[in-house]
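Participant: Mind looking over this structure? Questions follow.
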Amino acid sequence: MKHFVTVLAALLTGTTALAADDANLRVVATNVKSDQGKIFVWVYDKKDDWLSDRYRTQKAVAVAGNRNGDRVTVELLLPAGEYALSIFQDVNDDGKLERNFIGIPKEPAGLSNNLRPKFGPPKYKDAKFAVTVGTVTEQKIELQ
């Protein structure tokens, strides 16, 4: 009933208001080429934690049954703030991102703002974006 009231209010007022428990971050992973494994989204909110195992939260979604063409959508509910994302397709379903000997991902991966660093590791400041309460922020990230 709560969602019906929210939708009705949005239709009558022309706004895109969200209920308190609706997702406010939509992550669309593109270039997903197989139904294998899961899409992992790691959410960071501190520069010092960026790309470490000290993420703020994470969410995993099975690719099989959730892939629409070459896309998988993952939705999260976060407090207002600045965040950066690291996502990957865990093809071998072991719960971790496989990397080569110099640290480059061996499984399909991507970063928020579709960041593609050319030299050196990706910087938090280049991947961060804002999330607000009451609106949906979308990050479309192409897996490489």
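The working numbering puts the sequence shown at residues 1 to 144.
We put the beta carbon where it would ideally sit given N, CA and C, even for glycine.
#1: Determine the closest residue to E142 out of A29, T132 and L25, with distance taken between C-alpha atoms.
#2: Compare the C-beta of S86 with all C-beta atoms of chain C and state if any pair is closer than 8 Å.
#3: How far does the beta strand (DSSP E) with D90 in it extend, from its first residue to its last?
#4: Where does Q89 land, buried or exposed, given buried means 16+ other C-beta within 10 angstroms?
#5: Going by beta-carbon coordinates alone, are Q144 and P117 separated by less than 8 Å?
#6: By Cβ distance, which residues of its chain are closer than 6 Å to E82, with the 5 residues on each side in sequence left out?
#7: From N113 to R99, what does the alpha carbon distance come to, in whole angstroms?
#8: DSSP puts G110 in a beta bridge; with which residues?
#9: Among residues of its own chain, excluding the 5 on either side of L115, which ones have a beta-carbon nearer than 6 Å to its beta-carbon?
#10: When the Cα atoms are used, what is the spatial distance from L97 to V72?
#11: My assumption, with CB atoms under 8 Å, is that N31 sits in contact with L78. Please give the rounded CB distance.
#12: When burial is assigned at 16 or more other CB atoms within 10 Å of the CB, is G69 buried or exposed?
#13: Do you know how far the Cα of Y55 is from the Cα of K145?
Facilitator: Looking at the atomic coordinates:
#1: Start at 1 with the first residue of the sequence shown, and residue 142 comes out as number 142. Among A29, T132 and L25, the Cα nearest to that of E142 is on A29.
#2: Reference to chain C is not applicable here, since this structure consists of a single protein chain.
#3: Translated into positions along the sequence shown, residue 90 becomes position 90. From DSSP, the beta strand (DSSP E) with D90 extends over G81 to D90.
#4: Against the sequence shown, residue 89 aligns to sequence position 89. Flag for Q89 reads buried.
#5: Here residue 144 is taken as the residue at index 144 of the sequence shown, counted from 1. Here residue 117 is taken as the residue at index 117 of the sequence shown, counted from 1. The answer is no: Cβ separation not under 8 Å.
#6: Locating residue 82 in the sequence shown gives position 82, counting from the first residue. Excluding sequence neighbours, E82 sits near K128 and A130.
#7: Translated into positions along the sequence shown, residue 113 becomes position 113. Translated into positions along the sequence shown, residue 99 becomes position 99. Taking the straight line joining both Cα atoms gives about 22 Å.
#8: Here the question's residue 110 lines up with position 110 in the sequence shown. The partner list for G110 (beta bridge, DSSP) reads I87.
#9: For the purposes of this step, residue 115 is taken as the residue at position 115 of the sequence shown. Within the same chain, L115 has close Cβ partners P122, D126 and A127.
#10: Position 97 of the sequence shown, counted from the first residue, corresponds to residue 97. Position 72 of the sequence shown, counted from the first residue, corresponds to residue 72. Computed Cα separation, rounded: 18 Å.
#11: As a working mapping, residue 31 is identified with position 31 in the sequence shown. As a working mapping, residue 78 is identified with position 78 in the sequence shown. The pair is not a contact, with the Cβ atoms about 24 Å apart (cut-off 8 Å).
#12: One-based indexing of the sequence shown puts residue 69 at position 69. Its Cβ having fewer than 16 others within 10 Å, G69 is exposed.
#13: Given that the chain is displayed from residue 1 to residue 144, the structure contains no residue 145 and the question cannot be resolved.
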